[in-house]
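J.: First, the structure itself, so that you have it in front of you.
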Amino acid sequence: MQARCRQIRLLLLDVDGVMTDGRIIYDNNGLESKTFNVKDGHGLKLLQRAGVRVGIITGRQSQVVRHRADELGIEIVHQGAKNKIVSYREVLSQLGLDDSEVAYIGDDLVDLPILRRVGFAVAVGDAVEEIRPFVHYVTRAEGGRGAVREVCDLILKNSNRWDDVTKRYFTDSAEE
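Read in order, the letters of the sequence shown correspond to residues 1 to 176 in full-length UniProt numbering.
Okay, here's the thing in C-alpha cells:
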C-alpha cells in the first residue's frame with residue numbers, strides 16, 4: 001500500500017456513485033441536483049496541498065459537476081465520457097504521467113478499463129461486486145458518504161504527506 005501511495009501524483013474520480021451517492025434528482029423543470037460530501041471536498045483540497053492533482057472523468061454531462069469542480073479547484077474535468085479510457089489516456093498524455101502514478105476511484109463496470117490500468121485502483125464500499133476483484137482497495141464508506149475522503153487520507157498517510165498538510169490544524173496559529 002505504501003509503495004503504491006508514494007507514487008501517486010494524480011487522483012481521478014468518477015462522479016455519480018463516487019463523489020455522490022449515485023442518486024440524480026430532477027425538479028419539475030428538469031433541473032438536476034446532486035449532493036456532495038463536504039468532508040470529501042476537504043480531503044481533495046488536502047491532497048492538492050500535498051501536490052497531488054485531482055481530476056474527474058464521468059460519463060454524464062452536468063453543470064452541477066462543473067460548479068463543484070470549480071469550487072474545489074479541479075481543472076481536469078472530462079464530462080460526457082462514454083468511453084472513459086479515451087479520456088484517461090488523454091489526461092495521462094497531457095500530464096506526462098504513467099499508469100503507476102495514478103489512483104482512480106470507481107463504482108461500476110464503466111470504470112473497469114481504468115481501474116485495471118492504474119497504480120492504485122479503488123472501489124467505493126457500495127460498488128458493484130464485479131469490479132472488486134480488480135481493485136487494490138475497497139473503502140469502508142459508500143460513495144458520496146466519505147469514500148473519497150477515506151482514499152485521500154489513505155494516500156496522504158501512506159506516502160508520508162499527512163503531517164505536512166495537516167500540521168496547521170494542530171497548532172494554535174492555524175490559518176486558512
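Where is the CB? At the ideal position from N, CA and C, for every residue including glycine. Please read all numbers here as calculations on a predicted model, not as lab measurements.
Mind checking if V38 is an interface residue toward chain C, Cβ cutoff 7 angstroms exclusive?
T.: The structure shown has no chain C; it contains just one protein chain.
J.: Would you report the Cα separation of C152 and G30, rounded to the nearest angstrom?
T.: Going by the C-alpha atoms only, they are around 33 angstroms apart.
J.: Hey, out of I155, T171, R161, K82, whose CA is closest to L11's CA?
T.: Ranking I155, T171, R161, K82 by Cα distance to L11 puts I155 first.
J.: Use the C-beta contact count for K84: other C-beta atoms within 10 angstroms, 16 or more gives buried, fewer gives exposed.
T.: By the 10 Å Cβ count, K84 comes out buried.
J.: Looking only at its own chain, which residues have a Cβ that is under 7 angstroms from the Cβ of Q48, when we skip the five neighbours before and after it?
T.: Around Q48: V54, G73.
J.: Comparing C-alpha positions only, which one of V38, E101, Y26 sits nearest to Q63?
T.: Closest option to Q63, Cα to Cα, is Y26.
J.: Quick check on the DSSP output: the alpha helix (DSSP H) that includes R53 runs from which residue to which?
T.: Taken as a continuous stretch (DSSP letters only), R53 belongs to no alpha helix (DSSP H), being part of the beta strand (DSSP E) at 53-57.
J.: Which of the three DSSP states is assigned to A69 in this structure?
T.: Note: A69 maps to helix in three-state DSSP.
J.: Can you give me the C-alpha to C-alpha distance between A81 and T58, rounded to a whole angstrom?
T.: Cα-Cα distance, rounded: 6 angstroms.
J.: Under 7 angstroms, do V102 and G119 count as touching if we go by C-beta distance?
T.: Yes, these two residues count as a Cβ contact at 7 angstroms.
J.: What are the boundary residues of the beta strand (DSSP E) that V102 is part of?
T.: Segment 102-106, the beta strand (DSSP E) holding V102.
J.: Using the C-alpha atoms, what's the distance from N28 back to I105?
T.: C-alpha separation (whole angstroms): 32 angstroms.
J.: Start and end of the beta strand (DSSP E) containing I76?
T.: Unbroken beta strand (DSSP E) run through I76: 76-78.
J.: Looking at D14 and G22, is the spacing between their C-beta atoms short of 7 angstroms?
T.: It is not a contact, given that the beta carbons lie outside the stated cut-off.
J.: Would you kindly report the start and end of the unbroken alpha helix (DSSP H) that includes L154?
T.: That run of the alpha helix (DSSP H) goes 147-158.
J.: I'd like to check one pair, A147 with V135: are the Cβ atoms closer than 7 angstroms?
T.: Taking 7 angstroms as the Cβ cut-off, V135 and A147 do not qualify as a contacting pair.
J.: Is S87 helix, strand or coil by DSSP?
T.: S87: helix per DSSP, three-state reduction.
J.: Just to confirm my understanding: we take D111, look at its own chain, exclude 5 residues before and 5 after, and list those with CB closer than 6 angstroms. What are they?
T.: So the list reads D14, once near-sequence residues are dropped.
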